[in-house]
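**Student:**
Number of protein chains: 4
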Amino acid sequence: MRSMASSSSSKGIAAIVGVGPNLGRSIARKFAHEGYVVAILARDLGRLSRFADEIAREEKAQVFAIRIDCSDSRSIREAFEGVLSLGFVEVLVYNAYQPVPWHPSNFSDLRVDSFEKSLAVSTVGAFHCAQQVLPGMVERGRGTILFTGCSASLKGIAGFSELCCGKFALRALSQCLAREFQPVGVHVAHIIIDGVVGPPRGPPATSLQRALSIGEPQQRNILGRDPAGSGLMDPDALAQTYWHLHVQDRTAWTQEIDLRPLSGPRLL
Amino acid sequence: MRSMASSSSSKGIAAIVGVGPNLGRSIARKFAHEGYVVAILARDLGRLSRFADEIAREEKAQVFAIRIDCSDSRSIREAFEGVLSLGFVEVLVYNAYQPVPWHPSNFSDLRVDSFEKSLAVSTVGAFHCAQQVLPGMVERGRGTILFTGCSASLKGIAGFSELCCGKFALRALSQCLAREFQPVGVHVAHIIIDGVVGPPRGPPATSLQRALSIGEPQQRNILGRDPAGSGLMDPDALAQTYWHLHVQDRTAWTQEIDLRPLSGPRLL
Amino acid sequence: MRSMASSSSSKGIAAIVGVGPNLGRSIARKFAHEGYVVAILARDLGRLSRFADEIAREEKAQVFAIRIDCSDSRSIREAFEGVLSLGFVEVLVYNAYQPVPWHPSNFSDLRVDSFEKSLAVSTVGAFHCAQQVLPGMVERGRGTILFTGCSASLKGIAGFSELCCGKFALRALSQCLAREFQPVGVHVAHIIIDGVVGPPRGPPATSLQRALSIGEPQQRNILGRDPAGSGLMDPDALAQTYWHLHVQDRTAWTQEIDLRPLSGPRLL
Amino acid sequence: MRSMASSSSSKGIAAIVGVGPNLGRSIARKFAHEGYVVAILARDLGRLSRFADEIAREEKAQVFAIRIDCSDSRSIREAFEGVLSLGFVEVLVYNAYQPVPWHPSNFSDLRVDSFEKSLAVSTVGAFHCAQQVLPGMVERGRGTILFTGCSASLKGIAGFSELCCGKFALRALSQCLAREFQPVGVHVAHIIIDGVVGPPRGPPATSLQRALSIGEPQQRNILGRDPAGSGLMDPDALAQTYWHLHVQDRTAWTQEIDLRPLSGPRLL
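Chains as they are written, first to last, in this note's numbering: chain P, 98 to 365; chain E, 98 to 365; chain Y, 98 to 365; chain H, 98 to 365.
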């Protein structure tokens, strides 16, 4: 049920739910880089364990791989027993959603159980994961919950009702939780990714290079990584904004932010 | 399973799902008044049958009461077998939602199955009902689907995540269906009711008086029904706008409209 | 300065500002048809007078043509001296905007004075016209103000900043006035027309035919006017919704509504 | 007309328009701290010069104070002649707006010229400033334009039509420019500040302390600056997010972000 790449810790935990090779992995790496013990959760434990090993090695961090099926309440509870046993979960990032075909589906061809599954993963899973970590956050008066949305969070799209309904509902959850829990110190934010996330770009950077790159926008602009490029979003760049949301001062918290590429398939 | 207050008909059917004593009943009455055969659906068949009898008698219309449990796919299919056996369903109005307490709930106290039930009624039920009627509408190139939302459709509210998630998702469904089906002649609209719907106001009007009242706004203003009144919304007045949406010309269709009272508990 | 097609009246006045051959004319005709004395206002008094004569004759109504330049405060004040001399202005419809090219302009090519002119007509003109009629409406505790928006009211469009800034600001004005004046009985609504308005469709209908057509949506659907047609919006159909907004009961007022064609150039 | 606290520079310039003692000053300080030559612009040159001296001294940076009246096109052109003479303007932050009373005004009491002035400062001034700097940004294929909005950017408020109309229009401008210029490398973002900005909090930090504080959210949380405090937003904290927007990678740009305090007068 659980694969631990490293031993437990007394520091706050960052739990990243829904970790594939792009966005989830980059967010996990960023929080590991910044000194967090990280738990990464997804269905494919084999792949997840490889990510955990890789991040642990590169960032000299503690990274735990824990299997979760976000459409299954029991699986969520069991997974978070594992996460919570590691210590205080200070950060929850929820990326999970039921993959849908890239082409629109005829509404009449959709099956009710498939529609229900999509809501289960996008919305009920987020609800349930938030319930696991909020008591600890409320007790300590701090914590960050970040929900990943997309263009389908804001606008219905013909042929994508499964995705849109789940993502609209997730946005509602984010707003409800923000209004209930921000006054007691828990930051809840919703990130709308309006584009297609690719693999991390550019030359494999050392941790040090990666750390330094932040302060030098001009230089990165001059280097011109992808100015007229693929149109894909760099997950390492997205992870910088997830991190920024986490470190925002509590007098200036963001509830919703959008992110999109300079070029490429803009959806909103 | 089914209580028919009148015999079948060759005309188009208006199916109203989620019929209580206020909004659903007034919409049913309006469509009956305008000559439609009406099917009203809800869980409480006893009360529903009394509404059907009352509307049938007052409007000299055919009104069918059919039991439905919108959280149950089988119940929806069986109910719509009944509705579709009456003829072409030209109008679907979906009002159903899982009642929530009027006071906010602590998020930690919510049960996952209660959250799922709310999504099932607000969203999955709407999805499933739409699937029952759309093939007939597409075949004929006409039809109207009206979804009832509320202030919780647009804005998360602390302590109301069950309601908000279901209603956000319903709005997504409405937008997706509009974009897929309006080009083939099916009008899909989302009505945001930003207030509390009360019982019909004023003196019991005859059908004739009710019909005439529409053309005389000044007079109704002069009569001053509720200018500084209860703050409740008159369901008969709401039903006028549902009807207007149905009769809109296809070069000028509304996708979303809000409705709120002059005074009273404004939520948005 | 003023051309009166008919003598004064003791009834409420409907003032339509921004009247060209399509939308404004159809709205004016609808209110005339429903028994209102109508004042139509635009810059081109010659054309306006022909519209006034035509509507007066066809609808057997009183229609006044009054010249206005909505970018000029003095012109607005003078025009409304004329309108207010006719009686209580019960309805104000504000359609005026500064025409922009149909193709996007390079931002760098826009002139500041042109940008200012667009704001003057879209926003300041609306502000000023509303100020002329609100005191009378507040005094009587009734009245309707309808502002015409478009897709540029909701979403910035590359190359159309003049239009978008003016229309966003007009939407703000609509919301501010609704919140201030609805509690005292003045209905303020914003209509978002998401499409291109063409000339009135179909065979020239007599007033009687036009009046009857409302109650027969099926028949109009069967007649199939423009099902896969031009994509243009019928201004007579739009005018029906303007009228519906005016006659809405005060417990169920719309603040914002969108309108778009079944087919054609959908902008939102 | 112009007061230079320091000599010219070959690096990119950050121009901050609308600099008072809170937000504008903190943004200027942040960009100075990060190594930018900064031009600060406002109407009160005396106060502005004191800010320039203070920031120049504390951050060992070049800071130029330049008088501007954002309601006056000539003043804007002259001010930017000064700014552009300093070098390439890489960053433009536009904060200016016409101050309004904190209490709602009766719509009938507003003067047209006051309404026009508000649009002139909030919207036309932003339009004009953007026109000054965009050619240089387009030529180099990089640059950042940040517009400051507030809760009045999203929602009309009774008694605040001057503010709301100007701020809605500014948001439109932001969206139009983003869609036109992001594809050529210019990042345009709109920041919605939903709260009241106070003076910088806490002990006067040295530059070094300020620089270090970013990486230690837990510590700042533990220090508990203002957890149940004044409800005011810390402008230094806001400036961190302005800076983050500037350094976002071009595959993951934000167009709109909101910021609000944990507690205090939440307006949206």
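Virtual Cβ for every residue (Gly too), placed ideally from N, Cα, C.
Between G153 of chain P and R126 of chain P, what straight-line distance do the alpha-carbon atoms span, to the nearest angstrom?
**Tutor:** Note that residue 153 of chain P is Ala in the sequence shown, not Gly. C-alpha separation (whole angstroms): 9 Å.
**Student:** Pull up the DSSP beta-bridge partners for M234 of chain H, would you.
**Tutor:** In the DSSP output, where bridge partners are listed per residue, M234 of chain H has none listed.
**Student:** Within the 8 Å Cβ cut-off, does H341 of chain E reach chain Y?
**Tutor:** Interface residue, yes.
**Student:** Give, in chain order, every residue of the region 269-282 of chain H whose Cβ lies closer than 7 Å to some Cβ of chain P.
**Tutor:** So the close ones are Q279, P280, G282.
**Student:** Which residue from P:A139, P:S146, P:Y191 puts its Cα closest to that of D166 of chain P?
**Tutor:** Of the listed residues, the one whose Cα sits closest to D166 of chain P is P:A139.
**Student:** For D355 of chain E, does the count of other Cβ atoms within 10 angstroms reach 16, so buried, or fall short, so exposed?
**Tutor:** So D355 of chain E counts as buried.
**Student:** Between the beta-carbon of G295 of chain H and the beta-carbon of L267 of chain H, is there less than 8 Å?
**Tutor:** No, they are not a contact pair.
**Student:** Among P:A336, P:I288, P:E175, P:W350, which has the Cα closest to the Cα of Q352 of chain H?
**Tutor:** For the residues P:A336, P:I288, P:E175, P:W350, the minimum Cα distance to Q352 of chain H belongs to P:I288.
**Student:** For the 8 Å Cβ check, are there 3 or more pairs between the region 184-199 of chain P and the region 108-118 of chain P?
**Tutor:** They touch, by the three-pair rule.
**Student:** Grab me the residues of M330 of chain H's own chain with a C-beta within less than 6 Å of its C-beta, minus the 5 sequence neighbours each way, in chain order.
**Tutor:** Once the five neighbours on either side are set aside, the close Cβ partners of M330 of chain H are G292, V294, P358.
**Student:** Going by the DSSP bridge assignment, what does E353 of chain H pair with across the sheet?
**Tutor:** BP columns for E353 of chain H point to H:H287.
**Student:** If the cut is a Cβ gap below 8 Å, which residues of chain Y does A255 of chain H touch?
**Tutor:** The contacting residues are C273, R276, E277.
**Student:** Using a Cβ-Cβ distance cut-off of 8 Å, determine whether E353 of chain H contacts chain Y.
**Tutor:** It does not; no Cβ of chain Y falls within 8 Å.
**Student:** Return the residue from the list P:E155, P:I290, P:C262, P:T338 that minimises the CA-CA distance to A217 of chain E.
**Tutor:** Of the candidates P:E155, P:I290, P:C262, P:T338, the one whose C-alpha sits nearest the C-alpha of A217 of chain E is P:C262.
**Student:** Please check the pair S215 of chain Y and C273 of chain H, which I expect to be a contact at CB under 8 Å, by giving their CB distance rounded to whole angstroms.
**Tutor:** S215 of chain Y to C273 of chain H, Cβ: 12 Å. No contact.
**Student:** Say whether chain E places a C-beta atom closer than 8 Å to the C-beta of L216 of chain Y.
**Tutor:** No, no contact with chain E.
**Student:** Which whole runs of the alpha helix (DSSP H) in the region 153-239 of chain E are 4 residues long or more, in chain order?
**Tutor:** Those alpha helix (DSSP H) runs which fall completely within the region 153-239 of chain E and span 4+ residues are 170-182, 209-216, 222-237.
**Student:** So F161 of chain E and F212 of chain P are in contact, right, with Cβ under 8 Å, and what is the actual spacing, rounded?
**Tutor:** Not confirmed; about 28 Å, so no contact.
**Student:** Run down chain P in chain order and give the residues with a C-beta less than 7 Å from the C-beta of E213 of chain E.
**Tutor:** Ordered by position in chain P, the residues that pass the 7 Å Cβ test against E213 of chain E are V221.
**Student:** Report the option in P:V135, P:S170, P:V180 whose CA atom is closest to the CA atom of A158 of chain P.
**Tutor:** Closest option to A158 of chain P, Cα to Cα, is P:V135.
**Student:** Using the three-state DSSP reduction, which class does L243 of chain E fall into: helix, strand or coil?
**Tutor:** Residue state, collapsed to three classes: strand.
**Student:** Starting from V281 of chain H, trace the alpha helix (DSSP H) both ways and give me its first and last residue.
**Tutor:** From DSSP, V281 of chain H is part of no alpha helix (DSSP H); its letter is neither H nor E.
**Student:** Secondary structure at V344 of chain P, three-state DSSP: helix, strand or coil?
**Tutor:** Here V344 of chain P sits in helix by DSSP.
**Student:** Mind checking who V135 of chain Y pairs with in its DSSP beta bridge?
**Tutor:** V135 of chain Y is bridged to Y:A111, Y:V160.
**Student:** Quick one: which chain H residues come within Cβ less than 8 Å of C52 of chain Y?
**Tutor:** Residue numbering for chain Y in the displayed model covers 98 to 365; residue 52 of chain Y lies beyond these limits and cannot be assessed.
**Student:** Could you tell me whether the Cβ atoms of A275 of chain P and A334 of chain H are closer together than 8 Å?
**Tutor:** Against a cut-off of 8 Å, the Cβ pair of A334 of chain H and A275 of chain P comes out as no contact.
**Student:** Please classify G143 of chain E as buried or exposed, where buried requires at least 16 neighbouring CB atoms within 10 angstroms.
**Tutor:** Answer is exposed; the Cβ neighbour count stays below 16.
**Student:** Which two residues bound the contiguous alpha helix (DSSP H) that contains K127 of chain P?
**Tutor:** 120-130 is the span of the alpha helix (DSSP H), which, as asked, contains K127 of chain P.
**Student:** Who are the neighbours of V116 of chain H on chain Y, taking C-beta pairs under 7 Å?
**Tutor:** Within 7 Å Cβ-Cβ: nothing; V116 of chain H doesn't reach chain Y, min ~23 Å.
**Student:** So, under 8 Å CB-CB, L369 of chain E and T220 of chain E are touching, yes? Tell me the CB distance rounded to an integer number of Å.
**Tutor:** The shown model of chain E, from 98 to 365, leaves out residue 369 of chain E, and the question about it has no answer.
**Student:** Identify the contact partners of F265 of chain Y in chain H, using a Cβ-Cβ distance below 8 Å as the criterion.
**Tutor:** Result: F265, A266, R268, A269.
**Student:** Decide yes or no for the touch test of the region 247-257 of chain Y against the region 199-207 of chain Y: beta carbon pairs closer than 8 Å, at least 3 of them.
**Tutor:** Output reads yes: the region 199-207 of chain Y touches the region 247-257 of chain Y.
**Student:** What does T338 of chain H touch in chain P if you count any residue whose Cβ is under 8 Å from its own?
**Tutor:** Here the neighbours are H341, Q345, A349, T351.
**Student:** Please confirm if W248 of chain E has its CB atom under 8 Å from at least one CB of chain Y.
**Tutor:** This sequence places Ser at residue 248 of chain E; Trp is not what is there. With 8 Å as the cut-off, S248 of chain E does not count as an interface residue toward chain Y.
**Student:** Which term fits R347 of chain E, buried or exposed, when burial requires 16 or more other beta carbons within 10 angstroms of its beta carbon?
**Tutor:** That one is buried.
**Student:** Counting only beta-carbon separations shorter than 8 Å, does K252 of chain Y have a partner in chain H?
**Tutor:** Yes, contact with chain H.
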